[in-house]
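Numbering-wise, full-length UniProt numbering puts 116 at position 116 of the sequence shown, and it's gapless, one number per residue.
Note that beta-carbon positions come from the ideal geometry of N, C-alpha and C, so glycine has one too.
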Amino acid sequence: MFPDVKLWLKYHSSLFGTCFKYVSRLFSIVIFGCIANEGYINRPNEVEEFCIFNRNQNACNYGVFMGSMAFLCCVAFLALDVYFPQISSVKDRKKAVLADIGVSAFWSFMWFVGFCFLANQWQVTKQEDNPLREGGDAARAAITFSFFSIFTWDYWRASIIHQHISLFNHRSRVSNS
């Protein structure tokens, strides 16, 4: 393989990982916004609003919490990407990479749980709880973006692993020469 191709792959692996961090951040905003904006409804004869997901407040609370916390986590790790080149200690770099891998795996799992929970609650929602059919599109969007978030966070994790394994292999070949 040509050295320029290796450099291109290394650079674009890092770039794709960063792009998926931005996509993950966008998805978390969409999920949070859909549930916070149109996730609470009431029947025409009620004053109090209930969660659109089977009138289960835990479903809306979970979606809002996960969306907001995932957004903050994305911002923190994007800041770490900017700060990473200034980290001189190998141990600190290793901790940062392992934290990035662990956090992205955690969020991928949590979005899987969130997708299953929201989809289940949406499936058992009764039509008489929402006679005007308000907020259905927002609920489906939150479920859809929860599903896609599983893969964006998992690809984020895979790109980090790929980037640092290729960097480790490159360094070990250089040190053996």
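For residue i versus residue j, is the C-beta spacing smaller than 8 Å?
i: S24; j: S159; result: no
i: A59; j: L118; result: yes
i: D100; j: F65; result: no
i: N54; j: T144; result: no
i: G135; j: I41; result: yes
For residue i, report the span of its alpha helix (DSSP H) as first-last.
i: R93; result: 90-123
i: Q57; result: 57-83
Going by DSSP, name the residue or residues bridged to residue i.
i: C51; result: Y40
Sort the options by Cα distance to residue i and report the nearest one.
i: E128; options: Y22, I52, I35; result: I52
i: F106; options: L72, A142, D154, C116; result: D154
i: K94; options: I35, Q163, E48; result: Q163
i: G63; options: Q86, A96, C34; result: C34
i: S104; options: R43, S88, D92, V75; result: V75
i: I165; options: C73, V97, V30; result: V97
Using the three-state DSSP reduction, which class does residue i fall into: helix, strand or coil?
i: K21; result: helix
i: M1; result: For M1, the predicted structure reports a pLDDT of 44, less than 50, and the residue's modelled location is therefore unreliable. The matter cannot be settled from this model.
i: L132; result: coil
i: S28; result: helix
i: I87; result: coil
Please tell me whether residue i has its Cβ less than 8 Å away from any Cβ of chain D.
i: N58; result: Note that chain D does not occur in the displayed structure, where there is just one protein chain.
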